[in-house]
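Q:
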Amino acid sequence: MLDTRTETSELRRLDELHNIHPFCDGRQLYERGSTIISRGEGCYVWDSEGNRILDGMAGLWCVNVGYGRDEIANVASKQMRELPFYNMFFQSTTPPQIALAEKLSQITPEGLDHFFFANSGSEANDSIVRMVTHFWKLSGKPTKRNFIGRNLGYHGSTLAAVNLGGMKPMQSMGHELLPGFHHIGEPHWYARGDGLSKPDFAKKAAAELEDKILELGAESVAAFIAEPIQGAGGVIEPPAGYWREIERICRKHDVLLIVDEVICGFGRLGEWFGSQFYDVTPDIMPMAKGLSSGYLPISAVAFNGRIASTLKDGGVLSHGFTYSGHPVACAVASENIDIIEREGLVDRIRDDIGPHFRNTLRQVTDQHPLVGELRGEGLIAAIQLMQDRESKTFFPGDSGVAVECRETALSNGLIMRAVGSALVLCPPLVITRGEIDEIAEKTSLALDATAKSVGMI
Ligand code: PXG
1324 MLDTRTETSE LRRLDELHNI HPFCDGRQLY ERGSTIISRG EGCYVWDSEG
1374 NRILDGMAGL WCVNVGYGRD EIANVASKQM RELPFYNMFF QSTTPPQIAL
1424 AEKLSQITPE GLDHFFFANS GSEANDSIVR MVTHFWKLSG KPTKRNFIGR
1474 NLGYHGSTLA AVNLGGMKPM QSMGHELLPG FHHIGEPHWY ARGDGLSKPD
1524 FAKKAAAELE DKILELGAES VAAFIAEPIQ GAGGVIEPPA GYWREIERIC
1574 RKHDVLLIVD EVICGFGRLG EWFGSQFYDV TPDIMPMAKG LSSGYLPISA
1624 VAFNGRIAST LKDGGVLSHG FTYSGHPVAC AVASENIDII EREGLVDRIR
1674 DDIGPHFRNT LRQVTDQHPL VGELRGEGLI AAIQLMQDRE SKTFFPGDSG
1724 VAVECRETAL SNGLIMRAVG SALVLCPPLV ITRGEIDEIA EKTSLALDAT
1774 AKSVGMI
């Protein structure tokens, strides 16, 4: 049995011996040695060597209420003693599961009051593919089987989720891509605007959806899926007007609108959900991550009444997971939502912390020779590094510049995420103004060091 006193080198040796890491180049990892995180409190984590690190990524876009919440640990412990597991299959369920569904119905957008439970964002989206095609079949439109997603969209790592998403490396792992999955461009004005004004680009980017629907034939299109702001794709926020147009196009062609709230949900943008931030009404809303702040794995899919009643009246739903609606995970998620409510975290992001985060980062990045664009809303941001910001020249894909900057930040005690040649931040919602200033200071140091290393200053 290992404990926290076990030497880091021994942990690394065993890690190398036994682990296959997700999204990781194994050789690079073992040259560098894995970062072993052993404790967390508030917005900080400690590595196995005792270094205190400000977690600018909230774990992996998920620890919204911060680390070390006794309230959540106590709820989990109580529920484990009372009933550690019972299932939702056939005709049973548990009180914490029902309580969570009821709680979610209070905070999700109007009309999204029916929930299916799973254990991860990927499972939620995989479930959506199966449940949506089932819905159309039950509705007498079995030809509606095509799904449309976006380039650089991220919807998870299971086979269907990889097909919904638009991440090329994930789609190049040797297996066939599934038939019936299509993609349109991402609404990234800075990278794809091509001289258009933001409103004109918003229309053009949304029109790609209508073109794709018409190309496939509306009678064959089941649904369109998109994140309010594309997270893993590099925090791509759509220009104003985009979402309104997308919603109009989906309604016009009776294409279901799936808004993937796995990252934007639970307060990240200063509203409970990204859909509310963009004033769009989804038909289906997958959520995970911030649903439990990562304390236990759980995801849910919200459906509107039209879909839910068809599914409920449609005979046996032959789909589900052993741990769908796991009682301990549900109890933890309810407590997590209670904390967000009790501490007013959503309003805090909208009125105070979100604006402070953006203004502070703006001061650090505005004039920086390495930075071309600062993106984001609420408590999510990306800093786009550019080879030449004047001529708008991006770094080549394999430049490694963002990874270098991220590593410098880490050695100064800040966790950021590198996506392509951008740096991403997504800290816990409980972050203080002082901690945001610390992020800015450490980001500034890392940007300067990287600019020096590439010979820019
Ligand atoms: N939808 C969205 C919008 C996500 O960001 C998923 C679905 C899948 O969730 P699970 O729980 O199956 O991982 C995600 C997950 C990254 C990174 O590289 C992003 C995610 C997961 C892992 C890494 O930034 N997002």
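The C-terminal residue of the sequence shown carries number 1780 in the numbering used here, and the numbering is unbroken. We treat Cβ as the ideally placed atom computed from N, Cα and C, and that holds for glycine.
So, at 7 Å on beta carbons, what are the nonlocal neighbours of Phe1644 in its own chain, with the 5 sequence-adjacent residues on each side left out?
A: Here residue 1644 refers to the residue found at position 321 of the sequence shown. Ala1441, Asn1442, Glu1446.
Q: Based on the DSSP output, what are the partners of Ile1738 in its beta bridges?
A: Mapped onto the sequence shown, residue 1738 falls at position 415. For Ile1738, which the question treats as bridged, DSSP gives the partners Asp1378.
Q: Can the beta-carbon of Glu1584 be found closer than 8 Å to that of Pro1562?
A: For the purposes of this step, residue 1584 is taken as the residue at position 261 of the sequence shown. For the purposes of this step, residue 1562 is taken as the residue at position 239 of the sequence shown. No. Outside cutoff.
Q: Under the three-state reduction of DSSP, which class applies to Met1779: helix, strand or coil?
A: The residue you call residue 1779 lines up with position 456 of the sequence shown. DSSP places Met1779 in coil when its eight states are reduced to three.
Q: Can you pull every residue whose C-beta falls closer than 5 Å to some heavy atom of ligand 1, listed in chain order?
A: Residues flagged by the Cβ proximity filter: Ser1443, Gly1444, Ser1445, Tyr1477, His1478, Gly1479, Glu1550, Gly1554, Ala1555, Asp1583, Val1585, Ile1586, Ala1611.
Q: Do the CB positions of Ile1676 and Thr1688 come within less than 8 Å of each other?
A: Counting from 1 along the sequence shown, the entry for residue 1676 is found at position 353. Counting from 1 along the sequence shown, the entry for residue 1688 is found at position 365. No, they are not a contact pair.
Q: Go through its chain and collect everything with a Cβ distance to Trp1566's Cβ below 6 Å, but skip five positions before and after it.
A: If you number the sequence shown from 1, residue 1566 lands on position 243. Answer for Trp1566: Tyr1601, Val1603, listed in chain order.
Q: Alpha carbons only, please: which of Ser1647, Val1651, Leu1702, Cys1653 is nearest the one belonging to Arg1671?
A: By one-based count along the sequence shown, residue 1671 stands at place 348. Among Ser1647, Val1651, Leu1702, Cys1653, the Cα nearest to that of Arg1671 belongs to Leu1702.
Q: Could you compute how far the alpha carbon of Thr1417 sits from the alpha carbon of Asp1577?
A: Here residue 1417 is taken as the residue at index 94 of the sequence shown, counted from 1. Here residue 1577 is taken as the residue at index 254 of the sequence shown, counted from 1. Going by the C-alpha atoms only, they are around 36 Å apart.
Q: State the Cα-Cα distance for the pair Gly1556 and Arg1681, rounded to the nearest angstrom.
A: Here residue 1556 refers to the residue found at position 233 of the sequence shown. Here residue 1681 refers to the residue found at position 358 of the sequence shown. Looking at the two C-alpha atoms, the distance is approximately 20 Å.
Q: Using 8 Å as the Cβ pair cut-off and three pairs as the minimum, do the stretch 1532-1541 and the stretch 1457-1464 touch?
A: Result no; under three Cβ-Cβ pairs closer than 8 Å.
Q: Could you name the residues of the same chain whose beta carbon sits closer than 6 Å to that of Thr1766, not counting the 5 residues immediately before and after it, in chain order?
A: Reading the sequence shown from its first residue, position 443 is the one you call residue 1766. The residues are Val1687.
Q: If we ignore side chains and look at the alpha-carbon of each, how far apart do Glu1533 and Trp1512 end up?
A: Within the sequence shown, residue 1533 is the residue found at index 210, counting from 1. Within the sequence shown, residue 1512 is the residue found at index 189, counting from 1. Rounded to the nearest angstrom, the two C-alpha atoms are 19 Å apart.
Q: Find the nearest neighbour of Pro1407 within the set Met1610, His1649, Val1455, Ala1725, judged by alpha-carbon distance.
A: Your numbering for residue 1407 matches position 84 in the sequence shown. Measuring from the Cα of Pro1407, the nearest candidate turns out to be His1649.
Q: How far does the alpha helix (DSSP H) with Tyr1513 in it reach, from first residue to last?
A: Reading the sequence shown from its first residue, position 190 is the one you call residue 1513. Here the alpha helix (DSSP H) through Tyr1513 covers 1512-1515.
Q: So is Leu1340 in contact with chain C if we call contact Cβ pairs under 8 Å?
A: The chain labelled as chain C is not found in the depicted structure, where only one protein chain is given.
Q: How should Phe1547 be labelled, buried or exposed, when 16 other C-beta atoms within 10 angstroms of its C-beta is the threshold for buried?
A: On the sequence shown, residue 1547 is found 224 positions in, with the first residue counted as 1. Its Cβ being crowded by 16 or more others within 10 Å, Phe1547 is buried.
Q: What three-state label does DSSP hand His1679 in the structure shown?
A: Here residue 1679 refers to the residue found at position 356 of the sequence shown. Note: His1679 maps to helix in three-state DSSP.
Q: From this set, Thr1716, Lys1575, Ser1520, Phe1524, which residue's C-alpha is nearest Val1544's C-alpha?
A: As a position in the sequence shown, residue 1544 is number 221, starting the count at 1. Among Thr1716, Lys1575, Ser1520, Phe1524, the Cα nearest to that of Val1544 is on Lys1575.
Q: So which of Asp1760, Asp1636, Ile1376 has the shortest CA-CA distance to Leu1733?
A: The residue labelled residue 1733 in the question sits at position 410 within the sequence shown. Checking every option, the nearest Cα to that of Leu1733 belongs to Ile1376.
Q: Judging by CA-CA distance, which residue of His1506, Asp1378, Val1558 is the nearest neighbour of Glu1364?
A: Numbered from 1 along the sequence shown, position 41 holds the residue referred to as residue 1364. For the residues His1506, Asp1378, Val1558, the minimum Cα distance to Glu1364 belongs to Asp1378.
Q: Among Asp1436, Asp1661, Ser1657, Asp1517, whose alpha-carbon lies nearest the alpha-carbon of Gln1402?
A: Within the sequence shown, the letter at position 79 stands for residue 1402. Nearest of Asp1436, Asp1661, Ser1657, Asp1517 to Gln1402, Cα basis: Ser1657.
Q: Nearest to Ile1471 by alpha carbon, out of Cys1587, Glu1531, Gly1444, Val1747?
A: Position 148 of the sequence shown, counting from 1, holds the residue named residue 1471. The candidate whose alpha carbon is nearest that of Ile1471 is Glu1531.
Q: So, with DSSP's three-state summary, where would you put Ile1343?
A: If you number the sequence shown from 1, residue 1343 lands on position 20. It is coil, neither helix nor strand.
Q: Could you name the residues of the same chain whose beta carbon sits closer than 6 Å to that of Asn1474, not counting the 5 residues immediately before and after it, in chain order?
A: Taking the sequence shown and counting its residues from 1, the one referred to as residue 1474 is at position 151. Result list for Asn1474: Gly1489, His1506, Gly1508, Glu1509, in chain order.
Q: In angstroms, rounded to a whole number, what distance separates the CA positions of Ile1621 and Gly1518?
A: Your numbering for residue 1621 matches position 298 in the sequence shown. Your numbering for residue 1518 matches position 195 in the sequence shown. Those two C-alpha atoms are separated by around 43 Å.
Q: Any idea if Pro1609 is buried or exposed, counting beta-carbon neighbours within 10 angstroms, 16 or more meaning buried?
A: As a first step, residue 1609 must be located in the sequence shown, where it is residue number 286. Result: buried.
Q: Could you give the residue range of the beta strand (DSSP E) that holds Pro1609?
A: Looking up residue 1609 in the sequence shown gives position 286. Element bounds for Pro1609: 1607-1610.
Q: To the nearest angstrom, how far is it from the Cα of Ala1525 to the Cα of Ser1495?
A: Your numbering for residue 1525 matches position 202 in the sequence shown. Your numbering for residue 1495 matches position 172 in the sequence shown. Cα to Cα, the separation comes out at about 30 Å.
Q: Shortest alpha-carbon distance to Ile1662 belongs to which of Gly1628, Ala1652, Glu1700, Ser1616?
A: Residue numbering aside, residue 1662 sits at position 339 when the sequence shown is read from its first letter. Checked all of Gly1628, Ala1652, Glu1700, Ser1616; the closest Cα to Ile1662 is Ser1616.
Q: What is the DSSP secondary structure of Glu1280, reduced to helix, strand or coil?
A: Since the displayed the chain opens at 1324 and closes at 1780, residue 1280 lies outside it and no answer follows.
Q: Need the endpoints of the alpha helix (DSSP H) that Asp1781 sits in, please.
A: What is shown of the chain runs 1324 to 1780, which leaves residue 1781 out entirely.
Q: Just reading off the alpha helix (DSSP H) that Asn1410 is part of, what are its end residues?
A: Counting from one through the sequence shown, the residue named residue 1410 turns up at place 87. From DSSP, Asn1410 is part of no alpha helix (DSSP H); its letter is neither H nor E.
Q: Is there contact between the stretch 1751-1759 and the stretch 1386-1399, where contact requires at least three CB pairs shorter than 8 Å?
A: Yes, the stretch 1751-1759 is in contact with the stretch 1386-1399.
Q: Looking at the strands, I want to know which residues DSSP matches up with Asn1469.
A: Here residue 1469 refers to the residue found at position 146 of the sequence shown. DSSP output for Asn1469 lists Val1544 as bridge partner(s).
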